[in-house]
Amino acid sequence: MRLIVNGASLDVQAETLSGALAALDYGDAIVATAVNGAFVPASARRDRRLEDGDRIEIVAPRQGG
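The opening position of the sequence shown corresponds to residue 0 in numbering that gives the first Met the number 0, with each subsequent residue numbered one higher.
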């Protein structure tokens, strides 16, 4: 299916957000996720089904100060 991931259009073979993260090589990385502008906590990624054209944002935490 075609998804927009961090602004880039990609073909991803996954039905759920957790499946998409695995397909995109994020595996067990600690990241924040949103689908179509709505935050999706890590505990809900397995149940968050995706549809063609969904916009996914993946953000890795950064340290700073």
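We treat Cβ as the ideally placed atom computed from N, Cα and C, and that holds for glycine.
Taking Cβ to Cβ, would you say Leu16 is nearer than 8 Å to Val39? Going by C-beta atoms, Leu16 is nearer than 8 Å to Val39.
What is the residue span of the alpha helix (DSSP H) that Leu65 lies within? What the structure shows of the chain is the stretch from 0 to 64, and residue 65 is not part of that stretch, so it cannot be assessed.
Taking buried to mean at least 16 other C-beta atoms within 10 Å of its own C-beta, is Val58 buried or exposed? Looking at its Cβ environment, which holds fewer than 16 other Cβ atoms inside 10 Å, Val58 is exposed.
DSSP state of Ala19, grouped into three classes? In the three-state DSSP reduction, Ala19 falls in the helix class (H, G or I).
May I ask you to report which of helix, strand or coil DSSP gives Ala31? Correct three-state label for Ala31: strand.
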